[in-house]
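I have placed the structure first, in the form of structure tokens, so that the comments after it can refer back to it.
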Amino acid sequence: MRDGNSSENSIPNVKNLLVDLLTAIEQASSSKEMDELKVHYFGKKGLFTNILKSVGNLDPEKRKELGLEVNDAKKTFEARFSLQLNAIKQNEENEQLAKEWLDVTLPLNIPPQSSGSGSIHPVSIVRKELEDIFLGLGFDVVDGPEVDSEFFNFESLNIPGTHPARDMQDTIWTTKAPYLMRTHTSTNQVRTLLERGAPVRIVAPGRCFRYERLDATHEHTFYQMDGMMVDRKVSVGHLIYFMKTLLRKIYGFEPKIRLRPGYFPFVEPGFELDIWFNNRWLELLPCGLMHPEVLKHGGLDPKEWQGFAFGLGLSRLVMTRFQIDDIRHMQSGDLRFLRQF
Ligand code: FA5
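If you want it as structure tokens, here you go:
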């Protein structure tokens, strides 16, 4: 790099310096080098800055000319600088991505099973069976976001901010209000009504998240499958028929269940359907007739339309299906557990 000290002859130096600078920019290959260049030429003690500082001994006409030239040089520099910096950053990002790239086709360093292949997770096995059962009963399968709004998780389900029912589901909030990790798959009820109108039959399997005290039947991240049927005449009779059909098909026999009143602000009447498992009753399948307020949020007139909804504890159903004694095995990533399926 040439020196840019000013003198009577400093005006040509601006041009020379600029050429040097542009060449250096072209050759720079990292954002660090670019930062250094900026400081070297335009920093407090930079070469161009020094020129400007030492114009005192020039006559006013020359001073003005020099000032303009340095300004022009700075503009040219800034334009080229930002172009080159963008290109460098893009390169750096690509290099980083290339380093972090994971070849999922590479064989894992895991001792091979007898079959040498992986297996399907028990939740996926049962979810697929459920989807097939419901497709056969005229239901569609829908999916919704895991990070959802307070509206779809609570308000649309007749649970306003002050409602004590919010405490029934300990919520994991994001730092961006009003978004949260959905506490249940019931978020799909009003979303589907708004998207599809009525009549409609859907099931919505997916992950839910709660700030829970963990034990053998409670996980912080678990699966549910909500279901909903809305039509002109839907009664508790329909609800019970569908719940019994579901359980008979999934177990292959009629399991021991009990139906008792249950409270959820989004159904009226509401029920808890429990299943006998490991010598005790396990809450599995809460359900009920959809509350008029929910139908209204979905844009429907409750005098014209009725519906039932249920929220199956999918992870718990999987436990009972495969006699898994602790729900925490399911997401433990323990291969000894997974290889049994
Ligand atoms: C609900 O989440 C309601 N949305 C269900 C519903 C839908 C009711 C539609 C009426 C109409 P609840 O919080 O009880 O309700 O959860 C439903 C089921 O999810 C429970 O019966 C249980 O089987 C399962 N569940 C709840 N919390 C957990 C958890 N921490 N770990 C595993 N399973 C859970």
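Numbering-wise (the numbering used here), the sequence shown opens with residue 3 and increments by one.
Heads up, the beta-carbon is just placed ideally off N, CA and C, and yes, glycines get one too.
- Residue 322 and residue 328 have their alpha carbons spaced roughly 10 Å apart.
- Distances taken from the Cβ of residue 295 to the heavy atoms of the ligand FA5 include none shorter than 7 Å.
- CA-to-CA, the gap between residue 60 and residue 84 works out to about 33 Å.
- Under the three-state reduction of DSSP output, residue 189 falls in the helix class.
- The criterion of a C-beta distance shorter than 8 Å is not satisfied by residue 146 and residue 75.
- Contact check between the stretch 218–228 and the stretch 289–305: fewer than three CB pairs, one atom from each, fall below 8 Å, which does not count as touching.
- Residue 62 and residue 80 have their C-alpha atoms roughly 27 Å apart.
- In the structure shown, residue 271 falls within a strand segment according to DSSP collapsed to helix, strand and coil.
- Checking the 7 Å criterion, the Cβ of residue 318 is within range of a heavy atom belonging to the ligand FA5.
- Pairing residue 266 with residue 124 gives a Cβ-Cβ distance that is not under 8 Å.
- The continuous alpha helix (DSSP H) containing residue 79 extends over residues 62–102.
- In the DSSP assignment, residue 250 falls within the unbroken alpha helix (DSSP H) covering 238–253.
- In the three-state reduction of the DSSP assignment, residue 135 falls in the helix class, which pools H, G and I.
- Inter-residue distance for residue 29 and residue 90 is about 11 Å (C-alpha atoms, whole angstroms).
- Using a Cβ distance threshold of 8 Å, residue 19 and residue 49 count as a contacting pair.
- Looking at the DSSP output, residue 206 shares a beta bridge with 228.
- Taking the C-beta atoms as reference points, residue 190 is found nearer than 8 Å to residue 144.
- Per the coordinates, the alpha-carbon of residue 153 lies some 21 Å from the alpha-carbon of residue 231.
- In the structure shown, residue 146 falls within a coil segment according to DSSP collapsed to helix, strand and coil.
- Counting only the Cα atoms, residue 98 lies some 40 Å from residue 54.
- The residues 172, 220, 221, 222, in chain order, have a CB closer than 8 Å to that of residue 214 in the same chain once the five nearest residues on each side in sequence are set aside.
- Leaving aside the five residues that flank residue 304 on each side, the residues in its chain whose CB is nearer than 7 Å to its CB run, in chain order, 294, 297, 298.
- Closest by C-alpha distance to residue 268, out of 93, 186, 16, is 186.
- Taking a cut-off of 8 Å on C-beta distances, the stretch 158–173 does not touch the stretch 234–248, as fewer than three cross pairs fall below it.
- As the crow flies, the alpha-carbon of residue 121 is around 22 Å from that of residue 135.
- With a cutoff of 8 Å on beta-carbon distance, residue 274 and residue 256 are scored as not near each other.
- Listed in chain order, the non-local C-beta contacts of residue 250 below 6 Å within the same chain comprise 256, local neighbours out to five positions each way being set aside.
- Contact annotation: residue 181 and residue 151 have beta-carbon atoms nearer than 8 Å.
- Among the bridge pairs identified by DSSP, residue 223 is matched with 211.
- The residue among 35, 244, 103, 179 with its C-alpha nearest the C-alpha of residue 139 is 244.
- Taking residue 128 as the centre and dropping the five residues before and after it, the same chain places the C-beta of 252, 316, 319, 320, 323 closer than 8 Å to its C-beta, in chain order.
- Contact check for residue 229 against residue 339 fails: the beta carbons are separated by 8 Å or more.
- Residues 90 of the same chain have their beta carbon placed closer than 7 Å to that of residue 31, with the five preceding and five following residues left out of the count.
- In the three-state scheme derived from DSSP, where H, G and I count as helix and E and B as strand, residue 284 is classed as strand.
- In this structure, residue 27 lies near residue 86, with their beta-carbon atoms less than 8 Å apart.
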